[in-house]
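One structure is given below, encoded as structure tokens.
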Amino acid sequence: MIYAFKIGFLDVRWVDIVDILLVSVLIYQVYKLLKGSVAVRVLIGFLVLYLIYLIVRAAEMELLAGILGQFMGVGVLAAIIIFSQEIRKFLLILGKSTFRQDGILKSIMIWKRREEKEQFNITPVIEAAKSLSATNTGALIVFSKNSELKFYADTGDLMDAVVSKRLLISIFNKHSPLHDGAIILFKNRIKAARCILPVSERELPAQYGMRHRAAMGMSEATDTLTMIISEETGQISIARNGVIDSNLLIPEIRKRINSYLSEAKQEKETEEANLEVAS
498 MIYAFKIGFL
508 DVRWVDIVDI
518 LLVSVLIYQV
528 YKLLKGSVAV
538 RVLIGFLVLY
548 LIYLIVRAAE
558 MELLAGILGQ
568 FMGVGVLAAI
578 IIFSQEIRKF
588 LLILGKSTFR
598 QDGILKSIMI
608 WKRREEKEQF
618 NITPVIEAAK
628 SLSATNTGAL
638 IVFSKNSELK
648 FYADTGDLMD
658 AVVSKRLLIS
668 IFNKHSPLHD
678 GAIILFKNRI
688 KAARCILPVS
698 ERELPAQYGM
708 RHRAAMGMSE
718 ATDTLTMIIS
728 EETGQISIAR
738 NGVIDSNLLI
748 PEIRKRINSY
758 LSEAKQEKET
768 EEANLEVAS
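Numbering (this note's numbering), first residue to last: 498 to 776.
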């Protein structure tokens, strides 16, 4: 048996290193797929519980290990049920893009990956919101700072278009086939239109319609900011972290969107700093 090196009493083989690398790539792909959704929190909870189970079993705590073992046996089945849609999406993406630009090969060569540093210009969105509000044209716009939200983008029509005032007004025009649903904005581009968002089951005031309920549900399920323009009143609202603030003025809307996007920039700088330290 050929060993790579030893750590104390452990003999580390080359196959062990390859095994660890492959598991790391798999975990990263799953995290990238779930990033920005509430499912990632459930996944982290499962991983923490499984780690505790391994520690307890290694410490030969038979009673606690037996209880956790029974739970883990049922937990696997529960995880398959809970993540059924995510597992299906993961297998589809794995089959379509294994060695394409956004596939596993790119994930393995993570040290060569440099994402574009493009600042989000929200002025076209603000100008379009003014026009839509003035004409009582309903709209639902989702801002995402750290994820393309593939789950929700796939429910609509993929666009990947540059954000512009005229394009936004055209999409939400009452006679447009794309006006019904939400658009998703990520990295200064319209990723998709006519997207279906999760609907909140919480009690909302009577003046809130389905757009507000969908915006609330999206803010509960993901780390996004959603702007709603009411078709009845023309009022502009913002939904974030399960809270809706209504009848906001344009300066306040601009401030909140910029504040949300600036959080993404700070998180990116922290991530890059951590990568440099690790390397």
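From the three backbone atoms N, C-alpha and C, an ideal C-beta is built for every residue, glycine too. Source: prediction; values computed, not measured.
Which value, in whole angstroms, describes the spacing of the CA atoms of residue i and residue j?
{"i": "Q567", "j": "I680", "result": "44 Å"}
{"i": "L548", "j": "I541", "result": "11 Å"}
{"i": "L665", "j": "S581", "result": "34 Å"}
{"i": "D654", "j": "A689", "result": "5 Å"}
{"i": "L722", "j": "D651", "result": "19 Å"}
{"i": "S521", "j": "I514", "result": "11 Å"}
{"i": "P674", "j": "S667", "result": "10 Å"}
{"i": "V740", "j": "A555", "result": "44 Å"}
{"i": "I605", "j": "V512", "result": "Bear in mind that a pLDDT of 44 at I605, under 50, signals an unreliable position, so the number given afterwards is only what the model happens to contain. Their backbone Cα atoms lie some 17 Å apart in a straight line."}
{"i": "E559", "j": "M569", "result": "15 Å"}
{"i": "D720", "j": "A711", "result": "14 Å"}
{"i": "N738", "j": "K627", "result": "24 Å"}
{"i": "R691", "j": "N755", "result": "24 Å"}
{"i": "M707", "j": "E760", "result": "28 Å"}
{"i": "V617", "j": "R753", "result": "Looking at the sequence itself, residue 617 is Phe, so the reference to Val does not match. When rounded, the distance between both Cα atoms is 14 Å."}
{"i": "A625", "j": "P702", "result": "27 Å"}
{"i": "L518", "j": "I524", "result": "10 Å"}
{"i": "A658", "j": "T730", "result": "29 Å"}
With 16 other CB atoms within 10 Å as the buried threshold, where does residue i fall?
{"i": "R699", "result": "exposed"}
{"i": "V571", "result": "exposed"}
{"i": "R510", "result": "exposed"}
{"i": "V639", "result": "buried"}
{"i": "V660", "result": "buried"}
{"i": "Y649", "result": "buried"}
{"i": "I750", "result": "buried"}
{"i": "Q565", "result": "First, the residue type needs correcting, since residue 565 is Leu and not Gln in the sequence shown. Classification for L565: buried."}
{"i": "I619", "result": "buried"}
With distances taken from CA atoms, which of the options is nearest residue i?
{"i": "H709", "options": "I687, Q732, R691, D720", "result": "Q732"}
{"i": "S630", "options": "W511, L745, V527, E760", "result": "L745"}
{"i": "S644", "options": "L560, I754, F683, K752", "result": "F683"}
{"i": "I578", "options": "V660, V539, K752, D516", "result": "V539"}
{"i": "Y757", "options": "V512, M558, K642, S727", "result": "K642"}
{"i": "I735", "options": "V527, E729, S716", "result": "S716"}
{"i": "M656", "options": "R751, R686, N670", "result": "R686"}
{"i": "E728", "options": "N633, I623, E559", "result": "N633"}
{"i": "Q704", "options": "C692, N670, D742", "result": "D742"}
{"i": "H672", "options": "A718, G635, E624, V545", "result": "G635"}
{"i": "L574", "options": "F543, E557, G563, L518", "result": "F543"}
Just confirm the distance between the C-beta atoms of residue i and residue j, as a whole number of angstroms; I'd bet it's less than 8 Å.
{"i": "P621", "j": "K662", "result": "4 Å"}
{"i": "I725", "j": "L637", "result": "6 Å"}
{"i": "G714", "j": "S697", "result": "4 Å"}
Item to check | Contained alpha helix (DSSP H) runs [length at least 4] in the stretch 646-716, N- to C-terminal order | outcome: 647-650, 662-668
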